[in-house]
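Here is the structure we will look at.
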Amino acid sequence: MSSQAPPPLRLRPTMLSDLDFVLALEADQRNRPFITPWERTQHEGAVRFPDIRHFIVEAGADGSRDGFVILQGCRNPHKSVELKRAVLQSKGQGLGRQCVRMLKRMAFRDLHAHRFWLDVKQLDTRALSLYASEGFVEEGRLRESVRISTDLAEGYDSLVVMSLLDREYQARQALGLELLP
Ligand SMILES: CC(C)(COP(=O)(O)OP(=O)(O)OC[C@H]1O[C@@H](n2cnc3c(N)ncnc32)[C@H](O)[C@@H]1OP(=O)(O)O)[C@@H](O)C(=O)NCCC(=O)NCCS
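Just remember that my numbering sits 111 ahead of the position in the sequence shown, which is counted from 1.
Encoded structure:
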């Protein structure tokens with residue numbers, strides 16, 4: 112659990128020269144169970160494709176890279192923007208919460224989203240708890256929709272679909288729940 116204020120974060124567009132870092136984070140055993148890693152070519156496409164925004168998360172005074180995030184549907188005609196992926200190296204220090212708030216602000220203020228949504232594996236209790244405490248509402252579960260393969264178990268996990276609507280975000284803002292350092 113985070114006890115003190117996390118260092119300020121910055122989001123900057125991912126460059127092709129960042130992709131080794133991105134792929135290494137996806138391969139990291141601390142992240143691997145919670146995501147479906149992409150090939151390098153998928154990340155290259157995402158960096159270039161205007162519907163997607165691919166960002167490096169920089170933390171701390173030295174601006175070192177701590178993670179990456181991907182937004183999809185940035186030009187969606189229904190104004191439904193997806194938080195496709197968020198992976199941070201430093202866990203449990205409050206960076207995830209700060210990052211999610213920055214992404215909500217980007218989705219609703221800059222991209223004029225009506226709905227900001229995501230899916231998260233049921234086994235990813237940390238991410239589930241973060242998103243729920245940041246106002247995302249569960250829409251439903253895609254039962255046993257992703258294969259799970261570890262040294263210990265083979266099987267399926269369900270995906271929890273969650274979303275936040277623009278009016279819900281505005282209500283949180285009015286209550287002072289969307290503050291950033
Ligand atoms: C999910 C992730 C982005 C969250 O970032 P983080 O910096 O670790 O999260 P925070 O420190 O901001 O914690 C946020 C909240 O999660 C909850 N939490 C933290 N650790 C937890 C754990 N081990 N189990 C359950 N909940 C936990 C707490 O509610 C915490 O809030 P609080 O400490 O203020 O009460 C990060 O852990 C990560 O990269 N995980 C691997 C990849 C992943 O799962 N990505 C999400 C799906 S794409």
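Just so it is clear, CB atoms sit at the ideal spot from N, CA and C, and this is done for glycine as well.
Who are His293's beta bridge partners in DSSP?
Here the chain covers residues 112 to 292 and nothing more, so residue 293 does not appear.
Hey, Phe179 and Thr125 are a contact pair by Cβ (cut 8 Å); roughly how many whole angstroms apart?
Taking the Cβ atoms as the reference, Phe179 lies roughly 6 Å from Thr125, within the contact range of under 8 Å.
Could you tell me how far apart the beta carbons of Arg212 and Leu291 are, in whole angstroms, since I believe they sit closer than 8 Å?
5 Å
For ligand 1, I want to know if Ile146 counts as a neighbour, meaning its beta carbon is within less than 6 Å of at least one of the ligand's heavy atoms.
yes
Counting C-beta neighbours from all protein chains within 10 Å, is the total for Arg143 16 or more, i.e. buried, or is it exposed?
exposed
For Leu120 and Cys210, which I take to be in contact (beta-carbon distance under 8 Å), what is that distance rounded to the nearest angstrom?
6 Å
Roughly how many angstroms separate the alpha carbons of Gly205 and Asp177, rounded to a whole number?
The alpha-carbon atoms of Gly205 and Asp177 are separated by roughly 13 Å.
Three-way DSSP call (helix, strand, coil) for Arg196 in this model
Secondary structure of Arg196 (DSSP, three-state): strand.
Looking only at its own chain, which residues have a Cβ that is under 8 Å from the Cβ of Leu270, when we skip the five neighbours before and after it?
Asp230, Val231, Lys232, Gln233, Arg252, Leu253, Ser256, Val257
For Gly174, which of Arg283, Pro118, Met273 has the nearest alpha-carbon?
Pro118
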